[in-house]
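>
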Amino acid sequence: MNSYEQLAKKLVARAKKAGAKQAEAFVQVGREATCRVRDGEIEHLTQATSKGVGLRVFVKNRLGFSWTSDFEPSSLTAFVERAVQLAEAAAPNPLNGLPDEDELGDFPEVGPLYDAEVASLAPDWKINAALEMEKAARAFDPRIKTIESVEAGEMVGEVFLASSAGVTGYSQGTSVYLYTGAVAEADGQLQNSWWYDARRFLKDLESPEHVAKEAARRAVRMLGAKKVKSQKVPVIFDPMMAASFIGGIAGAVNGDAVFKKASFLASKLGQPIAPTTVTIVDDGLMPRGLATSPFDGEGVPTRRSPLVEQGVLKTFLYDAFTARKAKTRSTGNASRGYRSLPSIGTHNLYLEPGTVTPEALIKDVSHGFYVTSMLGHGTNLVTGDYSRGATGLWIENGELTRPVQEVTVAGNLLDMLMRIDGIGSDLTFRGSVGAPTIRFNELTVSGE
Amino acid sequence: MSQAPLLSIPLVERLLAAAMERGAGFAEVYVERNENTAVTLDENKVKSAQSGLSQGVGVRVIAGAKVGYAYSDDLDDEALFRAARTAALIAHGGGSEQAFSVRRTPLPTFYRLGEHLSGVEVEKKRDLIVRANRAAHAYDTRVKQVMASYADTTKRILVANTLGHLAEDTQDLCRINVMVVAEGKKGERRTGSFGGGGRVPFTHFDTFTPEHVAHEAARQACATLGAADATAGEQTVVLAPGWSGILLHEAVGHGLEADFIRKGTSLFAGKLGEKVASDLVTVIDDGTMANARGSLNVDDEGAPTRFKVLIERGVLKGYMYDSLNAKLMKTETTGSGRRESFKHTPLPRMTNTYLAPGEDTHEDIIKGVDGGIYCANFGGGQVDITNGNFVFEVSEAYEIKKGRLGRPLKGVTLIGVGPEALKNVSRVGNDPMPDPGMGTCGKDGQGVPVGVGLPTVRIDRMTVGGTKVRG
Numbered sequence: 001m002n003s004y005e006q007l008a009k010k011l012v013a014r015a016k017k018a019g020a021k022q023a024e025a026f027v028q029v030g031r032e033a034t035c036r037v038r039d040g041e042i043e044h045l046t047q048a049t050s051k052g053v054g055l056r057v058f059v060k061n062r063l064g065f066s067w068t069s070d071f072e073p074s075s076l077t078a079f080v081e082r083a084v085q086l087a088e089a090a091a092p093n094p095l096n097g098l099p100d101e102d103e104l105g106d107f108p109e110v111g112p113l114y115d116a117e118v119a120s121l122a123p124d125w126k127i128n129a130a131l132e133m134e135k136a137a138r139a140f141d142p143r144i145k146t147i148e149s150v151e152a153g154e155m156v157g158e159v160f161l162a163s164s165a166g167v168t169g170y171s172q173g174t175s176v177y178l179y180t181g182a183v184a185e186a187d188g189q190l191q192n193s194w195w196y197d198a199r200r201f202l203k204d205l206e207s208p209e210h211v212a213k214e215a216a217r218r219a220v221r222m223l224g225a226k227k228v229k230s231q232k233v234p235v236i237f238d239p240m241m242a243a244s245f246i247g248g249i250a251g252a253v254n255g256d257a258v259f260k261k262a263s264f265l266a267s268k269l270g271q272p273i274a275p276t277t278v279t280i281v282d283d284g285l286m287p288r289g290l291a292t293s294p295f296d297g298e299g300v301p302t303r304r305s306p307l308v309e310q311g312v313l314k315t316f317l318y319d320a321f322t323a324r325k326a327k328t329r330s331t332g333n334a335s336r337g338y339r340s341l342p343s344i345g346t347h348n349l350y351l352e353p354g355t356v357t358p359e360a361l362i363k364d365v366s367h368g369f370y371v372t373s374m375l376g377h378g379t380n381l382v383t384g385d386y387s388r389g390a391t392g393l394w395i396e397n398g399e400l401t402r403p404v405q406e407v408t409v410a411g412n413l414l415d416m417l418m419r420i421d422g423i424g425s426d427l428t429f430r431g432s433v434g435a436p437t438i439r440f441n442e443l444t445v446s447g448e
Numbered sequence: 449m450s451q452a453p454l455l456s457i458p459l460v461e462r463l464l465a466a467a468m469e470r471g472a473g474f475a476e477v478y479v480e481r482n483e484n485t486a487v488t489l490d491e492n493k494v495k496s497a498q499s500g501l502s503q504g505v506g507v508r509v510i511a512g513a514k515v516g517y518a519y520s521d522d523l524d525d526e527a528l529f530r531a532a533r534t535a536a537l538i539a540h541g542g543g544s545e546q547a548f549s550v551r552r553t554p555l556p557t558f559y560r561l562g563e564h565l566s567g568v569e570v571e572k573k574r575d576l577i578v579r580a581n582r583a584a585h586a587y588d589t590r591v592k593q594v595m596a597s598y599a600d601t602t603k604r605i606l607v608a609n610t611l612g613h614l615a616e617d618t619q620d621l622c623r624i625n626v627m628v629v630a631e632g633k634k635g636e637r638r639t640g641s642f643g644g645g646g647r648v649p650f651t652h653f654d655t656f657t658p659e660h661v662a663h664e665a666a667r668q669a670c671a672t673l674g675a676a677d678a679t680a681g682e683q684t685v686v687l688a689p690g691w692s693g694i695l696l697h698e699a700v701g702h703g704l705e706a707d708f709i710r711k712g713t714s715l716f717a718g719k720l721g722e723k724v725a726s727d728l729v730t731v732i733d734d735g736t737m738a739n740a741r742g743s744l745n746v747d748d749e750g751a752p753t754r755f756k757v758l759i760e761r762g763v764l765k766g767y768m769y770d771s772l773n774a775k776l777m778k779t780e781t782t783g784s785g786r787r788e789s790f791k792h793t794p795l796p797r798m799t800n801t802y803l804a805p806g807e808d809t810h811e812d813i814i815k816g817v818d819g820g821i822y823c824a825n826f827g828g829g830q831v832d833i834t835n836g837n838f839v840f841e842v843s844e845a846y847e848i849k850k851g852r853l854g855r856p857l858k859g860v861t862l863i864g865v866g867p868e869a870l871k872n873v874s875r876v877g878n879d880p881m882p883d884p885g886m887g888t889c890g891k892d893g894q895g896v897p898v899g900v901g902l903p904t905v906r907i908d909r910m911t912v913g914g915t916k917v918r919g
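Sequence lines, in order, name chains A and B. Numbered according to my numbering, the first sequence spans residues 1 to 448. Numbered according to my numbering, the second sequence spans residues 449 to 919.
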């Protein structure tokens, strides 16, 4: 048995001995290495290892939680006692506790998440990739005046979970990423844009050249950006902005927010909330997905959950505590690091692609706004009000024309969902959320 | 300081020597030990009590403009020397066998606590949020849900470098926060949120009471029930004093941080001495304010923090520097080098950033507006420091009609370009107000506590985002 697995089990046993009715230890171990270059030279190299454990205990239905990165045996003794003592300060709640037996079970087969090639990536690979990105971004256009940052890095992580409910979980994964931020300049105006890619497997990663060119292309095309008049027009979100929109919607299917009626979707289960072309899925099992894992933060097997299927709201997401409160079962969506208690989160979240090309979605628009970047959070999940700063390109007669900045795009999420009248075929993942290009038939753009 | 150092000084000196083995120009050892406590309340119950401990060492080695960084949360000698030698790899020179000795820098004290927050019983912390919950529910029958939390950290740091400096500090920080959901007619729901704290002793909450915090959060939630949609487009905007300073932090502050200046990614780069704002605008960043959330006796590179005039009567006077960017730009650090933890390298950051007060009264400023929007409270904001675009969510807003506050508005977002907004500042109030101590600023994935502040301010033209188009 691995020493960290042993540690997790030992902490659980000790917590029970110290008076906990139930206990759970969540150990995370990782290492990371990153490289940033500037002007053809290494600017920054980081290399590090880290570890930590979070211990959740239930004493007479009271919840205590403690975490530490200090694994010295003497410190760990005090650490266990502290968690049990802390529970005394919390209120008893009969709903507290580890997942029930019927929520636990065999972990699904999720396929490989660990790439030996990433785990043994030579420092030179990162340096060369970063140098190549810097060169490619500069070469893209003479108006690229400054490279904000180019960076390459990898992470290797392991998770060990043990609980008195009988769960022992282990998972190991890698990730590797490339990032370019480029600044274009013309006529006294600066425009910054970035592009990145992150994958579990080196083979899946976009090339350094592609990442760099994409960042440069996005910066250059924004030069000369201006405000437009306030108006209601069709609005298109590029895949990255569409993913951010879908990510926002996911906050509203959080079972806790729903239970508290703090979600605009709380009363909509089983009802159509979007056109039939819309299917949104949270998938914990997606092959090679960045957020794929056989079990969630409290040891419940993960699954594929359609949230919206052909426009109909199908599921809310739950961890064990919230599920008990809402008289349902955990959906395996307890998300956490060792420093935090489990809370509801998504795995790999995506909007299923349509059949139309993104170009065709633009072609149909006589006047409209193609959004490529946004500022601010601007999503109120209680009311569904949505208002964010936006930049992008103005559409005239089916063509992308001049760049636009300093405007907002606003609407109400319920209304916006219903207004989706086009979904592209270009589903792309940037991180763990993915979406294709989407078009809303009309939103408010505020400018002059 | 009566406590033993976080790491023995001879060991620190040996680590510095190891970090310089390959002939770098500079090395630094940063040691941190951080104790956290948090209590949360939800649905009328104290949900959990939690505590955490993190400790570790970060070693930074600089050779020219190149930085090598390694950190470890294992504090045994082997792990520490491994980190030092890993960071040293950034330099390519040959073995220097130099020894280093460091000497303690005496520090000022901008926060003196009788008892560290980590020593206060968790039951007392719990009682704050229990009281807040009770007070929020008692405020108005329309209050349906209350979430309250209290969190503190007692962070000890030690920074030593090959220039011979050694600084040690203990930094306590706490904050209470209350979020309220109120329900109006037809099930309409609005939220209100308020909180505060700082580098203050626990007795701070004897005067900044949980009841006060709860009432303010509940007031915001209830006041905005029945709010009308804001009209989109350019309008005159009046910012309420206090937390509105977040607008200054985002719209101006970030663009004055030296890394963006050096790399030429900020639109304020190369504009020292130029007029960048209206005459009424004087912007200060001050790390020395007593007990403020953003204050520091010493920054995370061991340099003392300062009072800095960034913009004086509209003219750009200075930037905020950490030591690396200062050196590369041939100037001196302003004590602005901050990092989230030993896992991060320092970046130039703000401390407490505020707009200096002007001469008008709050009442006169509002009276002078024929039509516009009063922004009483802000949610979050974000800025693109390159093109200067910024956005803010206004969580509590009212229309101003003929010099008087009118009905509440919802869904208001302000958007602008930093320098343009500053040029359109036409009135500045005489009511300086620091925020209650609730801000955390994010940059490059690093969060650090900051203070903001602003008197009442009128901005003549600003784009207001909304769903309703005029005409």
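Idealized CB from N, CA, C, for every residue including glycine.
(1) Exposed or buried, what is T322 (chain A) when buried is set at 16 or more other beta-carbons lying within 10 Å of its beta-carbon?
(2) Counting Cβ pairs closer than 8 Å, one from the stretch 451-458 of chain B and one from the stretch 241-258 of chain A, do we hit at least three?
(3) Under 8 Å, with one C-beta from each stretch per pair, do the stretch 811-820 of chain B and the stretch 742-756 of chain B reach the 3-pair mark?
(4) Whole angstroms are fine: how far does the CA of P272 (chain A) sit from the CA of G422 (chain A)?
(5) Can you tell me which of the three DSSP states T292 (chain A) falls into?
(6) Closer than 9 Å between beta carbons: that is the criterion. Which residues of the stretch 39-54 of chain A meet it against chain B?
(7) Which ranges does the beta strand (DSSP E) cover as unbroken runs of at least 3 residues, wholly within the stretch 542-611 of chain B, from first to last along the chain?
(8) Can you tell me the Cα-Cα spacing of G807 (chain B) and L720 (chain B), whole angstroms?
(9) Indicate the three-state DSSP secondary structure (helix, strand or coil) for V460 (chain B) in the structure shown.
(10) Determine, for A599 (chain B), whether the minimum Cβ-Cβ distance to residues of chain A falls below 8 Å.
(11) Under three-state DSSP, which class holds R14 (chain A)?
(12) Let's see if you can read the secondary structure: which residues bound the alpha helix (DSSP H) around N128 (chain A)?
(13) For E448 (chain A), which residues in chain B fall below 7 Å Cβ to Cβ?
(14) Any idea what DSSP makes of L454 (chain B), helix, strand or coil?
(15) Could you tell me the boundaries of the beta strand (DSSP E) in which D617 (chain B) lies?
(16) Can you have a look at Q6 (chain A) and say buried or exposed, based on whether 16 or more other CB atoms are within 10 angstroms of its CB?
(17) According to the neighbour-count rule (16 or more other Cβ atoms, all chains shown, within 10 Å of its Cβ), is P94 (chain A) buried or exposed?
(18) What residues in the stretch 315-343 of chain A have a beta carbon less than 8 Å from any beta carbon of chain B?
(19) Does the stretch 885-903 of chain B come into contact with the stretch 859-874 of chain B, if we say contact requires no fewer than three beta-carbon pairs (one atom in each stretch) closer than 8 Å?
(20) Report buried or exposed for N835 (chain B), applying the criterion of at least 16 other Cβ atoms within 10 angstroms of its Cβ.
(21) Spell out whether any CB of chain A is found under 8 Å from the CB atom of V515 (chain B).
(22) Could you check how far apart the C-beta atoms of K791 (chain B) and A48 (chain A) are, in whole angstroms? I think they sit under 8 Å.
(23) Counting only runs of 3+ residues fully inside the stretch 667-746 of chain B, write out the beta strand (DSSP E) ranges in chain order.
(24) Would you say G914 (chain B) and S446 (chain A) are within 8 Å of each other, going by their C-beta atoms?
(25) My understanding is that L787 (chain B) touches L795 (chain B), with C-beta atoms under 8 Å, so please give their C-beta distance in whole angstroms.
(26) Under 8 Å Cβ to Cβ from A242 (chain A), same chain only, skipping five residues before and after it: list those, please.
(27) Which residue marks the beginning of the alpha helix (DSSP H) containing D654 (chain B), and which one marks its end?
(28) May I have the straight-line CA-CA distance separating E847 (chain B) from R303 (chain A), to the nearest angstrom?
(29) I'd like to know whether the C-beta of M449 (chain B) is nearer than 8 Å to at least one C-beta of chain A.
(30) Can you say whether G901 (chain B) is buried or exposed, counting buried as having 16 or more other CB atoms within 10 angstroms of its CB?
(31) Using CA atoms only, rank isn't needed, just tell me which of A:D204, A:E359, A:R200, A:A215 is closest to A182 (chain A).
(32) Looking only at C-alpha atoms, which of A:G424, A:S75, A:K60 sits nearest to V53 (chain A)?
(33) Hey, out of B:V515, B:R647, B:G785, whose CA is closest to S566 (chain B)'s CA?
(34) Measure the Cβ-Cβ separation of G693 (chain B) and L803 (chain B) and say whether it is below 8 Å.
(35) Considering only the beta carbon of each residue, do V371 (chain A) and D238 (chain A) sit closer than 8 Å?
(36) Between V917 (chain B) and chain A, is the shortest Cβ-Cβ distance under 8 Å, so that the two count as touching?
In this structure, then:
(1) Buried: at least 16 other Cβ atoms inside 10 Å.
(2) In short, these stretches do not touch, since the Cβ pair count stays below three.
(3) Contact between the stretch 811-820 of chain B and the stretch 742-756 of chain B is absent, because fewer than three Cβ pairs lie under 8 Å.
(4) Note on geometry: alpha-carbon atoms of G422 (chain A) and P272 (chain A) lie some 17 Å from one another.
(5) Secondary structure at T292 (chain A): coil, using DSSP grouped into helix, strand and coil.
(6) Result list: D39, E41, I42, E43, H44, L45, T46, Q47, A48, T49, S50, K51, G52, G54.
(7) Counting only runs of 3 or more, we get 591-609.
(8) Sequence inspection shows Glu at residue 807 (chain B); the Gly mentioned does not correspond to that position. The straight-line gap from Cα to Cα measures roughly 26 Å.
(9) V460 (chain B) falls in the helix class under three-state DSSP.
(10) Contact with chain A is absent for A599 (chain B), since none of that chain's Cβ atoms lies less than 8 Å from the residue's Cβ.
(11) Annotated three-state conformation of R14 (chain A) is helix, per DSSP.
(12) It spans 123-140 - the alpha helix (DSSP H) in which N128 (chain A) sits, taken as one unbroken run.
(13) Those within 7 Å of E448 (chain A) in chain B are G681, E682.
(14) Correct three-state label for L454 (chain B): coil.
(15) For D617 (chain B), the uninterrupted beta strand (DSSP E) segment begins and ends at 613-631.
(16) Burial call: exposed.
(17) Burial call: exposed.
(18) The residues in question are R339, L341.
(19) Too few Cβ pairs lie closer than 8 Å, so no.
(20) So N835 (chain B) counts as buried.
(21) Yes, V515 (chain B) counts as interfacial toward chain A.
(22) The C-beta distance from K791 (chain B) to A48 (chain A) rounds to 7 Å, short enough to meet the 8 Å contact threshold.
(23) The qualifying runs are 679-687, 731-734.
(24) A Cβ-Cβ contact shorter than 8 Å links G914 (chain B) with S446 (chain A).
(25) One point to set straight first is that residue 787 (chain B) is Arg, not Leu, in the sequence displayed. Contact check for R787 (chain B) and L795 (chain B): beta-carbon distance about 7 Å, within the 8 Å limit, so the pair qualifies.
(26) The residues are L351, A435, P436, T437, I438.
(27) DSSP places D654 (chain B) in the uninterrupted alpha helix (DSSP H) bounded by 652-655.
(28) For E847 (chain B) and R303 (chain A), the distance between alpha carbons rounds to 48 Å.
(29) Note that M449 (chain B) scores 44 on pLDDT, short of 50, meaning its location in the model is unreliable and no value can be drawn from it.
(30) The residue is buried, with at least 16 neighbouring Cβ atoms inside 10 Å.
(31) Taking only the C-alpha atoms, the option nearest A182 (chain A) is A:A215.
(32) Considering only alpha carbons, the answer is A:S75.
(33) Considering only alpha carbons, the answer is B:R647.
(34) Going by C-beta atoms, G693 (chain B) is nearer than 8 Å to L803 (chain B).
(35) In this structure, V371 (chain A) sits near D238 (chain A), with a CB-CB distance shorter than 8 Å.
(36) V917 (chain B) counts as touching chain A.
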